[in-house]
Amino acid sequence: MKTALITGASRGIGNAIALEFLEKGYSVIGTATTEAGAAELTKIGVNGRVLDLNNVDSIDQFWQKLEEDGEIVSLLINNAGITRDNIVLRMSDEEWSDIMNVHLNGTFQLCKRSLKMMLKSKWGRIINISSASASIGNRGQSNYAAAKAGVEAFTKSLAKEVGKRDITINAVAPGFISTDMTQNNDGVNADYLIKEIPLGRFGEPGEVANLVSFLCSEQASYITGQTIHINGGLYM
58 MKTALITGAS RGIGNAIALE FLEKGYSVIG TATTEAGAAE LTKIGVNGRV
108 LDLNNVDSID QFWQKLEEDG EIVSLLINNA GITRDNIVLR MSDEEWSDIM
158 NVHLNGTFQL CKRSLKMMLK SKWGRIINIS SASASIGNRG QSNYAAAKAG
208 VEAFTKSLAK EVGKRDITIN AVAPGFISTD MTQNNDGVNA DYLIKEIPLG
258 RFGEPGEVAN LVSFLCSEQA SYITGQTIHI NGGLYM
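In this note's numbering, the protein residues as written are 58 to 293.
Structural data, given as structure tokens:
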């Protein structure tokens, strides 16, 4: 049984991916930033663990425990994310660095560690969750857009480094998806956003999970170094 590691699995897209992989018969390790979140994951059959990608010590402790437990990661889904929105002239150094730590540095750290296992197995799948913001930009999210653009470039370079070992690395870039964050938006704003989407609706977390599942399957074994957009036509 292959083991999938999914970060930010306690809600939204990450939770949908965790449920999809459980249904496919994988052993699933899911991370949350709190003990309560990890406990909720355990209730649904996921091996819930605490991980704060904004804290190097947390990453080290998490990975040490993973190795002590004899876990072999075959699939890595870098999904965990945060926002620290602000216009550049008001953005603090911390708002910038927090985003880079979680989205870009965190992705690097987990890829590097997981690849050591995948290289020994001569097989692996890594999916880095990006965003349409990396391609179209978004006012007040220069930090987030820059980090996600970095994730996409990192994905391409890494795919070239490990492809000969039957390890594929791809990025998935969702547009507006119905999660806690989008549901809490002002109704007028949501209506405006929907008008910008050719399909006329937000996506569902399960739709992103289906795409991630496909990219991890043998049917997608010849796809690597790609950023796959799933946004209802918001960005083409």
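From the three backbone atoms N, C-alpha and C, an ideal C-beta is built for every residue, glycine too.
Bear in mind the structure is a predicted one, so any value in this text is a computation, not a measurement.
Straight-line CA distance for residue 104 to residue 58?
If you number the sequence shown from 1, residue 104 lands on position 47. If you number the sequence shown from 1, residue 58 lands on position 1. About 14 Å.
In three-state terms, what does DSSP make of residue 274?
For the purposes of this step, residue 274 is identified with residue 217 of the sequence shown, where counting begins at 1. Three-state result, residue 274: coil.
As an exercise, report each continuous beta strand (DSSP E) stretch of at least 3 residues that is fully enclosed by the region 212-269, in chain order.
224-231
So with Cβ pairs under 8 Å, would you call residue 272 a contact of chain C?
Although the question refers to chain C, the structure presented lacks it and comprises just one protein chain.
Find the nearest neighbour of residue 80 within the set 159, 267, 275, judged by alpha-carbon distance.
Along the sequence shown, read from residue 1 onward, the residue named residue 80 stands at position 23. Checking every option, the nearest Cα to that of residue 80 belongs to 267.
Quick one: measure Cβ to Cβ for residue 226 and residue 282, integer angstroms, because I've assumed they're closer than 8 Å.
What you label residue 226 is simply residue 169 of the sequence shown in a count that begins at 1. What you label residue 282 is simply residue 225 of the sequence shown in a count that begins at 1. 7 Å between Cβ atoms; contact.
Straight-line Cα distance separating residue 249 from residue 63:
Residue mapping note: residue 63 aligns to position 6 of the sequence shown, counting from 1. Residue mapping note: residue 249 aligns to position 192 of the sequence shown, counting from 1. Their backbone Cα atoms lie some 32 Å apart in a straight line.
Compute the beta-carbon to beta-carbon distance between residue 60 and residue 86, rounded to the nearest angstrom, for a pair I have assumed lies under 8 Å.
As a working note, residue 60 is residue 3 in the sequence shown. As a working note, residue 86 is residue 29 in the sequence shown. Going by Cβ atoms, the distance from residue 60 to residue 86 rounds to 6 Å, so yes, they are a contact pair.
Contact between the region 109-122 and the region 157-173 is defined here as three or more beta-carbon pairs at a separation below 8 Å; is this criterion met?
yes
Can you list the alpha helix (DSSP H) stretches of 4 or more residues lying completely in the region 113-144, in chain order?
113-125
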